[in-house]
Amino acid sequence: MYNKNTKEHIIEVAISLFNRFGYKKTTIDEIAEIADKSKGAIYHYFESKEELFRVIVDRKFEKLYLELTNAVDSGVTGKSKIEKYVTTRVFVFKDLFRIEKSLKNEYLNYLRSIERVRRKYDEKEISIVKTILKNGIENGEFENEDINRSALDIVATLKGLEMPLMLSDNNQIEKNLEFMIRIFQKGIERKTILVIN
1 MYNKNTKEHI IEVAISLFNR FGYKKTTIDE IAEIADKSKG AIYHYFESKE ELFRVIVDRK
61 FEKLYLELTN AVDSGVTGKS KIEKYVTTRV FVFKDLFRIE KSLKNEYLNY LRSIERVRRK
121 YDEKEISIVK TILKNGIENG EFENEDINRS ALDIVATLKG LEMPLMLSDN NQIEKNLEFM
181 IRIFQKGIER KTILVIN
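Numbering (the numbering used here), first residue to last: 1 to 197.
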């Protein structure tokens with residue numbers, strides 16, 4: 001029999017154990033013991049430890065997507081939307097995947113193997129950036145360049161920075177964030193041409 005509260009409790013326990021001991025060292029037996037459930041009950045909701053982990057990661061990406069959407073919607077101009085998008089993405093991603101320093105390498109290695117969970121969120125994120133770019137083009141802030149290519153490049157750049165950012169402290173991130181936002185904004189902003197007669 002399916003019980004949403006039981007499933008949520010199992011997920012919460014698993015998050016706690018994965019963060020504390022790492023994915024490899026955490027067992028279904030330990031999750032069952034801490035959750036005060038039988039091993040069979042765990043397998044009733046999740047086929048394997050890997051599936052349980054994927055569900056957790058999927059939820060984290062869903063939360064990231066919702067926070068990005070809300071942040072971008074709160075911006076008025078294209079430039080402010082880009083700033084809110086980059087800032088929110090960097091800090092929410094770091095917060096969502098906050099883990100013990102000693103376990104970061106294991107966790108980062110495992111994240112590489114769950115690209116299929118990420119793909120649907122990558123597409124959603126590209127869609128958010130396309131909307132920002134269209135808005136900026138329509139109000140004359142951004143160049144009318146290839147929106148698809150620009151959105152893909154922005155998302156790919158930030159995705160490439162995820163692991164280094166996860167290993168950085170917040171002070172270092174803040175130092176680099178303003179510079180990164182300026183680079184994105186300058187790269188897409190509309191250029192003024194001075195005509196001299």
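C-beta atoms are modelled at their ideal positions from N, C-alpha and C, and glycine is treated no differently.
Backbone secondary structure at glutamate 115 - three-state DSSP | In the sequence shown, residue 115 corresponds to position 115, counting from 1. Helix, per DSSP.
Which parts of the region 21-88 are runs of the alpha helix (DSSP H), unbroken and 4 residues or longer, counting only runs that do not cross its ends?
-> Whole alpha helix (DSSP H) segments, 4+ residues: 28-35, 39-45, 49-73.
For lysine 130, which residues of its own chain have a beta-carbon under 6 Å away from its beta-carbon, when the five flanking residues on both sides are left out?
-> For the purposes of this step, residue 130 is taken as residue 130 along the sequence shown, with counting starting at 1. Closer than 6 Å at Cβ, skipping near neighbours: Ile147, Ala151.
Find out if the Cβ-Cβ distance for the pair threonine 77, asparagine 139 is shorter than 8 Å.
-> On the sequence shown, residue 77 is found 77 positions in, with the first residue counted as 1. On the sequence shown, residue 139 is found 139 positions in, with the first residue counted as 1. Cβ atoms of threonine 77 and asparagine 139: closer than 8 Å.
Could you give the DSSP three-state label for glutamate 12: helix, strand or coil?
-> In the sequence shown, residue 12 corresponds to position 12, counting from 1. Here glutamate 12 sits in helix by DSSP.
Could you check where the alpha helix (DSSP H) with serine 150 kicks off and where it finishes?
-> Position 150 of the sequence shown holds residue 150. Unbroken alpha helix (DSSP H) run through serine 150: 147-160.
Straight-line CA distance for leucine 167 to lysine 94?
-> For the purposes of this step, residue 167 is identified with residue 167 of the sequence shown, where counting begins at 1. For the purposes of this step, residue 94 is identified with residue 94 of the sequence shown, where counting begins at 1. Roughly 9 Å between the two C-alpha positions.
Straight-line CA distance for valine 195 to aspartate 58?
-> Residue mapping note: residue 195 aligns to position 195 of the sequence shown, counting from 1. Residue mapping note: residue 58 aligns to position 58 of the sequence shown, counting from 1. Any reading at valine 195 is ruled out, since the residue's pLDDT is 46, under 50, leaving its predicted position unreliable.
Might you give, ordered along the chain, the residues of its own chain that have their beta carbon closer than 8 Å to the beta carbon of arginine 182, omitting 5 neighbours on each side?
-> Position 182 of the sequence shown, counted from the start, is the residue given in the question as residue 182. Nothing listed; no residue qualifies.
Status (buried if at least 16 other CB within 10 Å, exposed otherwise) for glycine 136 = Within the sequence shown, numbered from 1, the residue matching residue 136 stands at position 136. Taking every protein chain shown into account, the CB of glycine 136 has 16 or more other CB atoms within 10 angstroms, so this residue is buried.
Alpha-carbon to alpha-carbon, lysine 60 and arginine 149 = Locating residue 149 in the sequence shown gives position 149, counting from the first residue. Locating residue 60 in the sequence shown gives position 60, counting from the first residue. The alpha-carbon atoms of arginine 149 and lysine 60 are separated by roughly 26 Å.
In terms of residue numbering, what span does the alpha helix (DSSP H) encompassing glutamate 178 cover?
-> Position 178 of the sequence shown, counted from the start, is the residue given in the question as residue 178. Segment 170-188, the alpha helix (DSSP H) holding glutamate 178.
Sequence-distant residues of the same chain with beta carbon closer than 7 Å to lysine 258, five excluded per side = This structure gives no information on residue 258, because the portion of the chain shown stretches from 1 to 197.
For phenylalanine 91, write down the residues that DSSP places opposite it in a beta bridge.
-> Position 91 of the sequence shown, counted from the start, is the residue given in the question as residue 91. Beta-bridge annotation (DSSP): phenylalanine 91 is not paired with any residue.
Can you tell which of Glu67, Asn3, Lys79 has the C-alpha that lies nearest to the C-alpha of alanine 37?
-> Counted from its first residue, the sequence shown places residue 37 at position 37. The sequence as given places lysine at residue 37; alanine does not occur at that position. If you compare the alpha carbons of Glu67, Asn3, Lys79 with that of lysine 37, the shortest gap goes to Asn3.
CA-CA distance, alanine 156 and asparagine 144?
-> As a first step, residue 156 must be located in the sequence shown, where it is residue number 156. As a first step, residue 144 must be located in the sequence shown, where it is residue number 144. Those two C-alpha atoms are separated by around 20 Å.
Mind checking who phenylalanine 18 pairs with in its DSSP beta bridge?
-> The count along the sequence shown starts at 1 and reaches residue 18 at position 18. Phenylalanine 18 pairs with nothing; no bridge assigned.
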